[in-house]
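Residue numbers (our numbering): 9 to 202.
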């Protein structure tokens with residue numbers, strides 16, 4: 009089961025249990041009002057009140073179990089999200105390091121008086137106008153008969169396509185088994201002995 013699907017299912021369960029608890033709580037309040045209004049029938053109502061209180065406790069426990077599992081799913085979601093983002097950041101850092109090495113090489117070539125492609129000079133200038141000017145000035149001072157000519161270091165670059173972190177997190181597989189789904193009405197019926 010995918011994390012996004014599991015989160016939807018268990019959120020619905022929590023809502024269903026909240027709704028059922030509200031209903032049972034209202035029944036218990038009404039019963040207590042009747043007990044106050046008819047003190048002579050108090051014994052008859054006490055048994056029913058105890059059953060409703062036990063039902064509320066059972067529903068609360070089951071709702072907390074589902075809520076705990078939702079917290080586990082949220083942690084798994086974050087793990088997938090962070091892994092996807094981490095991969096993107098690692099690639100960006102690697103690309104930056106490669107680009108920096110290329111920029112330094114372009115500056116070195118210019119300082120040696122070599123002819124480099126205009127696109128490479130532009131990249132150096134965009135990175136640092138000061139470094140570009142320094143390289144050009146040093147290159148102009150170098151008196152060389154033979155100038156080397158280089159091809160562009162960047163060539164045809166391909167842009168990497170990254171996964172969407174939300175999609176990766178929602179479509180990640182759930183680790184382990186979730187708690188058994190039980191209808192709140194079935195829990196209420198089991199506690200009350202119906």
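In this text, a Cβ means the ideal position worked out from N, Cα and C, and glycines have one as well.
For clarity, every value in this text was computed on a predicted model and none was experimentally measured.
- In this model, residue 44 and residue 61 are separated by some 17 angstroms (Cα to Cα).
- The alpha-carbon of residue 27 is positioned some 18 angstroms away from that of residue 15.
- The alpha-carbon separation between residue 174 and residue 107 amounts to approximately 29 angstroms.
- Nearest to residue 75 by C-alpha distance, out of 188, 198, 197, is 188.
- Three or more Cβ pairs closer than 8 angstroms define a contact, and the segment 83-103 falls short of that threshold against the segment 118-125.
- Between the beta-carbon of residue 196 and that of residue 67 there is about 7 angstroms, and that keeps the pair under the 8 angstroms contact cut.
- Within a 10 Å sphere around the beta-carbon of residue 143 sit 16 or more other beta-carbons, which makes this residue buried.
- Contact check for residue 11 against residue 84 passes: the beta carbons are separated by less than 7 angstroms.
- For the pair residue 140 and residue 111, the CB atoms are not nearer than the 7 angstroms cut-off.
- Sixteen is the threshold: when 16 or more other Cβ atoms of the shown chains lie within 10 Å of the Cβ of residue 117, as they do, the residue is buried.
- Going by C-alpha positions, residue 200 is about 48 angstroms away from residue 172.
- When C-alpha distances from residue 128 are compared across 146, 145, 109, the shortest belongs to 109.
- Secondary-structure assignment with DSSP links residue 144 through no beta bridge to anything.
- Taking the CA atoms as reference points, residue 64 sits about 33 angstroms from residue 178.
- Comparing C-alpha distances from residue 57 to each of 72, 185, 40 shows the shortest one belongs to 40.
- When 162, 53, 78, 168 are compared, the shortest CA-CA separation from residue 183 is found for 78.
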